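> Residue numbers (the working numbering): 10 to 151.
By construction, the Cβ of each residue, glycine as well, lies at the ideal position given by its N, Cα and C atoms.
As the structure is a computational prediction, the values presented were derived from the model and not from experiment.
My questions will all concern the structure given below.
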Amino acid sequence: MTEGVVRQVIDGLNKQSAKNALGGRIINAVSNGRGIVELEMHFDIPEEYCHRLGLQGGFVVGMLENSASQLVRISSEDQAENPTLELKVSFLRPGNAGRYRSIAKKITKDSVIGVIRSQLFGPEDNLIATGTATVLDSSSGP
């Protein structure tokens, strides 16, 4: 994909409501000779998503999963849906309301399955959580 095509895909994906519920948007996509291999997203999390101990864990999972699935989606030529088959999350420290940054990187991809590793950084740019997602590339077949 050319840089112009990548930017068009990012703009289209940023208009979708699933990311908007978490205040999410794709900031950057990095490609190499084999295609897009890394994706950066930002999420703006309001105070209402926190409890007395900090950010509710389900929102952390949502940000990690969203960046992983968007990386697979932006990598596919037809922008097909890419269901997550498995997601393992390690919570490292509590987070608060504010801007979060997620970096998703491809680890492996065969013809149907991709493994993506994501890191989530909190408002103070501390590593909050990590995740490893197994994602189905539905553009590759049934």
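Can you say whether residue 135 is buried or exposed, counting buried as having 16 or more other CB atoms within 10 angstroms of its CB?
Looking at its Cβ environment, which holds fewer than 16 other Cβ atoms inside 10 Å, residue 135 is exposed.
> What is the rounded straight-line gap between the Cα of residue 114 and the Cα of residue 145?
One C-alpha to the other measures close to 15 Å.
> Answer yes if the stretch 52-69 comes into contact with the stretch 120-127, meaning at least three C-beta pairs across the two stretches below 8 Å, and no otherwise.
Counting Cβ pairs under 8 Å, fewer than three are found: no touch.
> Do residue 58 and the ligand FMN come close, with the Cβ less than 7 Å from some heavy atom?
Among the components modelled here there is no ligand, and therefore nothing to report on the ligand FMN.
> Please name the residue, chosen from 53, 100, 42 and 40, that lies closest to residue 67 on a Cα-to-Cα basis.
Considering only alpha carbons, the answer is 100.
> Excluding sequence positions up to five away, which residues of its chain have a Cβ less than 8 Å from the Cβ of residue 117?
123 and 124, listed in sequence order.
> Select from 53, 61, 83 and 62 the residue whose C-alpha is nearest the C-alpha of residue 71.
The option with the nearest alpha carbon to residue 71 is 53.
> For residue 140 and residue 109, which I take to be in contact (beta-carbon distance under 8 Å), what is that distance rounded to the nearest angstrom?
Residue 140 to residue 109, Cβ: 13 Å. No contact.
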